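Visitor: Each step along the sequence shown adds one to the number in UniProt numbering, with nothing skipped, and position 91 is 91.
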Amino acid sequence: MSIRRTKIVATLGPASSSPERIAALIDAGMNVARLNFSHGSADEHRERARQVRAIAADKGCHVALLGDLQGPKIRIARFANGPIQLEVGDRFRLSTSHPLDAGNQEVVGIDYPELVNDCQAGDELLLDDGRVVMRVDSVGSDEVSCTVTVAGPLSNHKGINRRGGGLSAAALTDKDRADIILAAELQMEYVAVSFPRDAADMDLARSLLADAQSQAWLVAKIERAEAVADDEALDGLIHASDGVMVARGDLGVEIGDAELVAIQKHIISRARKQNKLVITATQMMESMISSPLPTRAEVSDVANAALDYTDAVMLSAESAAGQFPVEAVQAMARICLGAEKHPTSQRSGHRLYQSFERCDETIALAAMYAGNHFPGVTAIISLTDSGFTPLIMSRIRSHLPIFALSPNPQTLGRVALFRGVQAMAFNPADIPAEQLYQQAIGTLLKHGHVKPDDWVILTKGDSYNASGGTNSLKLLQVGEQLV
Ligand code: G6P
1 MSIRRTKIVA TLGPASSSPE RIAALIDAGM NVARLNFSHG SADEHRERAR QVRAIAADKG
61 CHVALLGDLQ GPKIRIARFA NGPIQLEVGD RFRLSTSHPL DAGNQEVVGI DYPELVNDCQ
121 AGDELLLDDG RVVMRVDSVG SDEVSCTVTV AGPLSNHKGI NRRGGGLSAA ALTDKDRADI
181 ILAAELQMEY VAVSFPRDAA DMDLARSLLA DAQSQAWLVA KIERAEAVAD DEALDGLIHA
241 SDGVMVARGD LGVEIGDAEL VAIQKHIISR ARKQNKLVIT ATQMMESMIS SPLPTRAEVS
301 DVANAALDYT DAVMLSAESA AGQFPVEAVQ AMARICLGAE KHPTSQRSGH RLYQSFERCD
361 ETIALAAMYA GNHFPGVTAI ISLTDSGFTP LIMSRIRSHL PIFALSPNPQ TLGRVALFRG
421 VQAMAFNPAD IPAEQLYQQA IGTLLKHGHV KPDDWVILTK GDSYNASGGT NSLKLLQVGE
481 QLV
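1) Let me know if residue 502 comes out buried or exposed under the rule of 16 or more other beta-carbons within 10 Å of its beta-carbon.
2) Give the single residue among V228, G243, D242 whose Cα lies nearest to the Cα of L251.
3) Looking only at DSSP bridge pairs, what is L475 linked to?
4) Which residue comes first and which comes last in the alpha helix (DSSP H) that contains R93?
5) Could you name the residues of the same chain whose beta carbon sits closer than 8 Å to that of H45, not counting the 5 residues immediately before and after it, in chain order?
6) Any heavy atom of the ligand G6P closer than 7 Å to the beta-carbon of Y437?
7) Buried or exposed: where does H449 fall if 16 or more other Cβ atoms within 10 Å of its Cβ makes it buried?
8) Would L417 and D311 qualify as a contact pair, given that the criterion is a beta-carbon distance under 8 Å?
9) Just to confirm the assignment, what range does the alpha helix (DSSP H) spanning R53 have?
10) Give the DSSP-derived three-state secondary structure of Y369 in the structure shown.
11) Whose C-beta lies closer than 7 Å to the C-beta of R414 among residues of the same chain, with five residues either side of it excluded?
12) Taking a cut-off of 5 Å, which residues have a beta-carbon closer than that to any heavy atom of the ligand G6P, in chain order?
13) Going by C-alpha distance, which of A247, M424, A366 is nearest M393?
14) Across the segment 39-55 and the segment 323-336, are there enough close Cβ pairs to call them in contact, namely three or more that are closer than 8 Å?
15) Q323 and I289: beta carbons closer than 8 Å?
16) Consult DSSP for N304 and reduce its assignment to one of helix, strand or coil.
17) Quick one: give me the first and last residue of the alpha helix (DSSP H) that E259 is part of.
18) So, at 6 Å on beta carbons, what are the nonlocal neighbours of R5 in its own chain, with the 5 sequence-adjacent residues on each side left out?
19) Take K73 as the anchor and find which of L154, S472, S168, D231 has the nearest alpha-carbon.
20) Give the list of continuous beta strand (DSSP E) stretches no shorter than 3 residues that lie fully inside the segment 167-228.
21) So, is A433 buried or exposed, given that buried needs 16 or more other C-beta atoms within 10 angstroms?
22) Could you name each continuous beta strand (DSSP E) segment of 3 residues or more that falls completely within the UniProt domain "Pyruvate kinase C-terminal" (361-475), going from the start of the chain to the end?
23) How close, in whole Å, do the beta carbons of V150 and L94 come, if the pair is a contact with beta carbons under 8 Å?
24) Helix, strand or coil, according to DSSP, for E357 in the structure here?
25) Nearest by alpha-carbon distance to E124: which of R358, V136, I431, I22 is it?
26) Hey, is I3 close to the ligand NAP, as in C-beta under 7 Å from one of its heavy atoms?
27) Going by other Cβ atoms of all chains shown within 10 Å of its Cβ, with 16 needed for buried, is Y353 buried or exposed?
28) Ends of the beta strand (DSSP E) at M245?
29) In the DSSP assignment, find the beta strand (DSSP E) that holds G67 and state where it starts and stops.
30) Consult DSSP for R163 and reduce its assignment to one of helix, strand or coil.
31) On a CA-only basis, which of P409, I363, M314 is nearest P396? Give me that one, please.
32) Would you kindly check if the distance between the Cβ of A321 and the Cβ of G13 is under 8 Å?
33) Buried or exposed for P343, going by 16 or more other Cβ atoms inside 10 Å?
34) Threshold first: 3 residues or longer. Then list the beta strand (DSSP E) segments lying entirely within the segment 97-171, N to C.
35) List the endpoints of the continuous beta strand (DSSP E) containing M332.
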């Protein structure tokens, strides 16, 4: 049976917190468990993280933890008497001085004083992900007066976006800073930053992680219109991150759904070109919150992301709060496997006409070229310290599984997100040099990933357990006496 290459990120929540459910999600194919810091207490996250670690260890597999920071989502405050209904043409005000618990049919408070500076007459404000839309008529010193253009209900704490972006709250709140420390405590492999504006926001998150002694890799959620305004802005964010998430919820609201699909494809391709990871997220299996089967449109959405070579597809409410979390993971797994059979998923033009910059990059890409062109090869083995070598390998389209062999538990978890990469615990320092190749191949043989006479490509460096040193590539035939 072929190994699925596209990875699955599943958000844990009330529908997926029992040990049985987490075990079932792992069996169904969850590679990364997302803990959403927008919901739940620190202790709930601690408990979920502990369970994922324990159950994955029990099953002998590697599941990464991704902590998703809440970020500065701008929200309206509360209504005095429950939700209101707004009709087209209604006048409505957002006020920075109105009491936060006393919203009514005409006005609601908002805990974001900058609103009056960020808005101008003529702007379009989208509330509750665009379910209610209002046009700004005028801006005063402490309130924005609007006319409703799309009618709908409005309830407490709904989010607010401006069409075209431009609500400028700083990316890291005090809560995010506390959650970074929690992510470090839980040794999470990934931390996702919400609403970053530019590289400086990512740099700040990186230094906070370093202060907390976390090795987590950083994911920038691309969800502001400014982030995709031009390639310079997008590349700046990608460059400052280890990976990006196409966060289609807010992004779609800010740039409009007509732009979203092409931008998604562009983000995936630009991230991969810069040797970064990419996760495609939001509403991929939305109907499975209450239905055991996806719609054809959802099937197509997941398959297209896989065909575009996203590293991972992601479930949010489907796995956190839906009625069919396990079925949603199973459906994603099946759809990705199907898409991966298509020849475009297996041919690469990556870096075809470019120079390489580093020795390890050169070896990694040479390994993929050799593997893709020498038909006897059935697996690539990369001895890795940080995951960097298999990351570079996995930027190349291929049908070949890449096995990342490492003694470092953080690395084994980290590579669980890389497209086409399988983690295996292996410590070259424990093995006499003359048995290294034999034992590395033995690890694959033991799990049935290769058979006698197959060819395998192995990459390594001269020293053990040091990142950045990959400098050799060896073609080995399974079953030979290997030295
Ligand atoms: C392991 C191997 C080394 C190799 C290194 C590459 O430590 O034992 O021989 O050079 O991985 O690590 P990297 O983090 O760059 O993939």
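For every residue, glycine included, the Cβ atom is placed at its ideal position computed from N, Cα and C. A quick note: this is a predicted structure, and the numbers were derived from the prediction, not measured.
Guide: The structure says:
1) Given a span of 1 to 483 for the chain in the structure shown, any question on residue 502 remains unanswerable.
2) Ranking the options by Cα distance to L251, first place goes to V228.
3) The bridge partners DSSP lists for L475 are I457.
4) Unbroken run through R93 is the beta strand (DSSP E), 91-95; no alpha helix (DSSP H).
5) Non-local beta-carbon contacts of H45 in its own chain, meaning distances under 8 Å to residues more than five positions away in sequence, involve L35, F37, G67, L182, L186 in chain order.
6) False, no ligand heavy atom lies under 7 Å from that Cβ.
7) Per the 10 Å Cβ criterion, buried.
8) Between L417 and D311, the CB-CB gap stays under 8 Å.
9) Its alpha helix (DSSP H) spans residues 42-59.
10) Here Y369 carries a helix assignment [DSSP, helix/strand/coil].
11) A64, E189, W217, G387.
12) With the cut-off at 5 Å, the residues found are L383, T384, D385, S386, F388, T389, P428, K460, G461, Y464, N465, S467, G468, G469, T470.
13) Checked all of A247, M424, A366; the closest Cα to M393 is A366.
14) Judged by pairs of C-beta atoms under 8 Å, the segment 39-55 does not touch the segment 323-336, as fewer than three such pairs exist.
15) Contact flag set, yes.
16) N304: helix per DSSP, three-state reduction.
17) For E259, the enclosing alpha helix (DSSP H) covers residues 257-273.
18) Contacts found: E340, R419, G420.
19) The alpha carbon of K73 has as its nearest neighbour, out of L154, S472, S168, D231, the alpha carbon of S168.
20) Counting only runs of 3 or more, we get 190-193, 217-222.
21) When all chains shown are included, A433 counts as exposed.
22) DSSP assignment within the UniProt domain "Pyruvate kinase C-terminal" (361-475) yields the following whole beta strand (DSSP E) runs of 3 residues or more, N-terminal first: 377-383, 402-406, 421-425, 455-460.
23) Wrong, their Cβ atoms sit about 16 Å apart, outside the cutoff.
24) Coil, per DSSP.
25) E124 has its Cα closest to that of V136, out of R358, V136, I431, I22.
26) Within the structure as shown, the ligand NAP is missing, the only ligands being the ligand G6P.
27) Y353 is classed as exposed because its beta carbon has fewer than 16 other beta carbons within 10 Å across all chains shown.
28) M245 -> beta strand (DSSP E) spans 243-247.
29) That run of the beta strand (DSSP E) goes 64-68.
30) Coil at R163, not helix or strand.
31) Note that residue 396 corresponds to Ile in the displayed sequence, not to Pro. For I396, the nearest C-alpha among the options comes from I363.
32) Between G13 and A321, the C-beta gap is smaller than 8 Å, which places the two residues in contact.
33) Result: exposed.
34) Runs of the beta strand (DSSP E) lying entirely within the segment 97-171, each at least 3 residues long, are 107-109, 124-127, 132-139, 143-150, 152-154, 160-162 in chain order.
35) First-last for M332: 325-340, but that is the alpha helix (DSSP H), not the beta strand (DSSP E).
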